[in-house]
Amino acid sequence: GPTVLSDPPAVRVKRLSDESISVTRIAEPVMYPNDNLVDVNYHVFIKDGQGDIAEIEETHKMRYLFKPEIDAIAEQNGFEVLKFGEWMTDKAAGFDTWGVYFVVKSLA
Numbered sequence: 044g045p046t047v048l049s050d051p052p053a054v055r056v057k058r059l060s061d062e063s064i065s066v067t068r069i070a071e072p073v074m075y076p077n078d079n080l081v082d083v084n085y086h087v088f089i090k091d092g093q094g095d096i097a098e099i100e101e102t103h104k105m106r107y108l109f110k111p112e113i114d115a116i117a118e119q120n121g122f123e124v125l126k127f128g129e130w131m132t133d134k135a136a137g138f139d140t141w142g143v144y145f146v147v148k149s150l151a
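Just so we're aligned, residue 44 is where the sequence shown starts under our numbering, counting upward by one.
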């Protein structure tokens with residue numbers, strides 16, 4: 044949640060290739076801050092060895108959450124948040140943390 048607001052998603056271009064194919068992927072985010080949503084619009088160009096180009100377009104709709112929301116969802120569903128932090132490092136989550144994990148326990 045906080046990172047999406049402090050370091051908003053930006054347009055990114057990724058290129059990969061080998062001797063038979065080249066792929067270019069363009070990611071263009073559109074933020075909806077009042078809904079805590081981001082649409083990432085992907086446009087992918089795939090060029091084969093003969094020079095033919097295929098195009099793929101898709102949108103990934105993403106919902107970003109904040110810790111108070113996770114706490115409330117857990118409580119409403121009979122769970123307790125035991126721990127949370129940065130994914131794969133176990134550092135405290137902060138304004139620069141894109142991946143966060145939560146450990147919850149059932150209260151039932």
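For every residue, glycine included, the Cβ atom is placed at its ideal position computed from N, Cα and C. Note that this is a predicted model, so its numbers are computed, not measured.
DSSP three-state label for residue i, please.
i    : result
K134 : coil
P72  : strand
L125 : strand
S149 : strand
L108 : coil
S49  : helix
E98  : strand
D82  : strand
D114 : helix
Tell me which residues share the same chain as residue i and place their Cβ nearer than 6 Å to its Cβ, disregarding the 5 neighbours each side in the sequence.
i   : result
D82 : V73, T102, K104
Please determine, among the options, the residue with the shortest C-alpha to C-alpha distance to residue i.
i    : options                : result
I113 : V87, D61, K148, D133   : K148
F88  : V124, G121, S60, L150  : S60
Y144 : A115, A151, G121, F109 : F109
N79  : W141, K126, A136, L48  : L48
Leaving out five residues on either side along the sequence, give the residues of the same chain with a beta carbon under 7 Å from the beta carbon of residue i.
i    : result
E118 : none
By Cβ distance, which residues of its chain are closer than 8 Å to residue i, with the 5 residues on each side in sequence left out?
i   : result
P51 : P72, M74
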